[in-house]
DNA sequence: TTGCGTGTCAAGTGTTATTTCACAACATTA
DNA sequence: TAATGTTGTGAAATAACACTTGACACGCAA
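Residue numbers (this note's numbering), protein chains in the order written: chain H, 2 to 184; chain P, 2 to 184.
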């Protein structure tokens with residue numbers, strides 16, 4: 002049962018969030034959060050949900066249910082799943098269920114015309130692989146511009162500042178695989 | 002929040018189980034179970050787990066986190082690059098330059114009609130993510146078969162024995178991301 | 001009718017989720 | 001060096017609510 006705590010702690014530390022900081026978001030005390038992480042207390046379902054929310058994962062994952070082992074590994078029709086609108090004209094959908102044991106996180110980016118990311122808003126220090134499925138994407142790494150057409154791909158360290166922009170006259174789709182999953 | 006109750010009730014009635022009968026299994030009172038189902042009470046995480054267990058589902062599913070069915074993908078993704086012919090009718094191309102410091106290795110698999118892989122010839126113990134770009138792929142993990150249409154994806158541990166086969170009447174393309182790189 | 005099954009409600013009882021406050025360990029700054 | 005601010009953790013108190021008890025009303029069969 003204290004798998005919950007382990008997972009929470011892992012995700013929290015990976016995200017470099019302090020106990021008090023996270024506690025504040027959830028409207029619980031830092032002490033209680035600590036007790037949860039160390040298995041000395043069990044949160045209510047609603048706070049567990051809030052927890053999963055803040056850590057950008059699911060309750061199931063926190064409970065160890067979406068283990069790479071047990072879970073149904075298939076994600077049907079990911080291409081037209083809901084996804085979250087993260088910025089103007091940009092939609093991101095997870096291509097697999099969030100799970101702290103996973104080493105990669107595949108995402109589908111959908112950019113409307115002229116949509117662009119802010120400056121390196123995705124800061125985690127893993128690596129990224131991007132494959133353009135549709136349209137055209139301009140990625141700027143460290144002031145250097147790269148033009149990616151459909152079928153092109155790129156691989157870089159997440160730590161290098163990066164911006165990207167849809168330069169296609171229509172929607173651009175790109176598969177984005179990130180490691181480690183600290184999104 | 003009362004989505005829990007709705008789901009529980011649905012599964013219970015579908016299984017033709019009475020309130021008292023299910024309550025007995027869980028060691029809770031029938032009355033309490035009723036309150037849960039009607040959203041008037043919230044169970045603890047441990048009883049929710051027991052509940053999911055008895056109903057042969059997962060906590061995530063009870064919370065409405067599970068992936069629902071979806072429609073057909075819209076992707077036209079097609080790419081044409083040169084790669085190595087690794088087996089009969091199978092071509093693999095690296096989508097990035099080989100590099101020991103890289104944490105992921107993206108590959109493009111192209112399978113001619115009826116092409117298939119041998120039995121778990123790709124054994125390393127990282128994880129794999131596969132996205133079908135074109136055609137249809139049948140992947141067998143541990144004797145369990147999964148059918149992937151274009152746009153579907155799958156995530157699994159490399160250690161689980163896996164075979165795959167092109168079951169499309171034509172060429173099948175799939176993006177394969179592996180971790181760690183064993184090339 | 002009687003009896004047994006169903007699900008639900010109100011008002012309790014206990015458990016425990018959560019808080020408060022304090023402490024020790026490690027940094028940072030003066 | 002001490003002071004001040006972090007960090008995570010622990011014990012004890014309290015407030016919340018998970019859960020029980022014991023009803024009730026309904027439907028169905030003998």
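Note that the Cβ used here is the ideal one computed from N, Cα and C, for glycine as well. Keep in mind the model is a prediction, meaning the values are calculated, not measured.
- For residue 162 (chain P), no CB of chain H lies under 8 angstroms from its own CB, so it is not counted at the interface with that chain.
- Among the CB atoms of chain P, none fall inside 8 angstroms of the CB of residue 55 (chain H).
- Annotation: Cβ neighbours of residue 61 (chain P) in chain H (cutoff 7 angstroms, chain order): 59, 60, 61, 66, 67.
- Residues of chain P with a Cβ closer than 8 angstroms to the Cβ of residue 130 (chain H) are, in chain order, 96, 97, 105, 107, 178.
- For the region 135-162 of chain P, the set of positions with a beta-carbon nearer than 9 angstroms to some beta-carbon of chain H reads 140, 142, 147, 148, 149, 150, 151, 152, 153, 154, 155, 156, 157, 158, 161 in chain order.
- By the beta-carbon neighbour count (other beta carbons within 10 angstroms, threshold 16), residue 150 (chain H) is exposed.
- When only Cα atoms are considered, residue 30 (chain P) and residue 24 (chain P) end up about 6 angstroms apart.
- In this model, residue 15 (chain P) and residue 46 (chain P) are separated by some 23 angstroms (Cα to Cα).
- Counting only the Cα atoms, residue 171 (chain H) lies some 45 angstroms from residue 53 (chain P).
- The Cβ of residue 173 (chain H) sits no closer than 8 angstroms to any Cβ of chain P.
- According to DSSP, residue 33 (chain H) shares a beta bridge with no other residue.
- The three-state reading of DSSP puts residue 173 (chain P) in strand, counting E and B together.
- Contact with chain P is found for residue 43 (chain H), since one of that chain's Cβ atoms lies less than 8 angstroms from the residue's Cβ.
- Of all residues in the region 26-51 of chain H, the ones placed with a Cβ closer than 8 angstroms to any Cβ belonging to chain P are 43, 44, 45, 46, 47, 49, 50, in chain order.
- Taking CB atoms only, residue 127 (chain P) has a neighbour in chain H less than 8 angstroms away.
- Residue pairing for residue 135 (chain P): DSSP places it in a beta bridge opposite P:174.
- Residue range 20-27 is occupied by the alpha helix (DSSP H) that includes residue 22 (chain P).
- Residue 177 (chain P) is a Cβ neighbour of residue 108 (chain P), given a cutoff of 8 angstroms.
- By the Cβ neighbour-count rule, residue 40 (chain H) is exposed, with fewer than 16 other Cβ atoms within 10 Å of its own.
- Secondary structure in the region 139-167 of chain P: no alpha helix (DSSP H) run of 4 residues or longer lies completely within the stretch.
- In the structure shown, the three-state DSSP call for residue 55 (chain P) is helix.
- If you look at residue 95 (chain H), you'll find it in the beta strand (DSSP E) that goes 91-95.
- In this structure, P:10 is the residue among P:169, P:10, P:96, P:161 with its C-alpha nearest to the C-alpha of residue 55 (chain P).
- The residue from P:115, P:27, P:49, P:156 with its alpha-carbon nearest to that of residue 105 (chain H) is P:156.
- Here residue 109 (chain P) is bridged, per DSSP, to P:94, P:176.
- For residue 160 (chain H) and residue 117 (chain P), the gap between their C-alpha atoms comes out near 39 angstroms.
- Relative to the Cα of residue 139 (chain H), the nearest Cα in the group H:48, H:61, H:153 belongs to H:153.
- In terms of CA proximity to residue 115 (chain P), P:174 leads the group P:180, P:32, P:174.
- For residue 3 (chain P), there is no enclosing alpha helix (DSSP H), since its DSSP letter is neither H nor E.
- Bridge partners of residue 117 (chain H) according to DSSP: H:166.
- Taking C-beta separations shorter than 6 angstroms and ignoring five residues to either side along the sequence, the partners of residue 8 (chain P) in its chain run 63, following chain order.
- Listed as beta-bridge partners of residue 128 (chain P) by DSSP are P:158, P:180.
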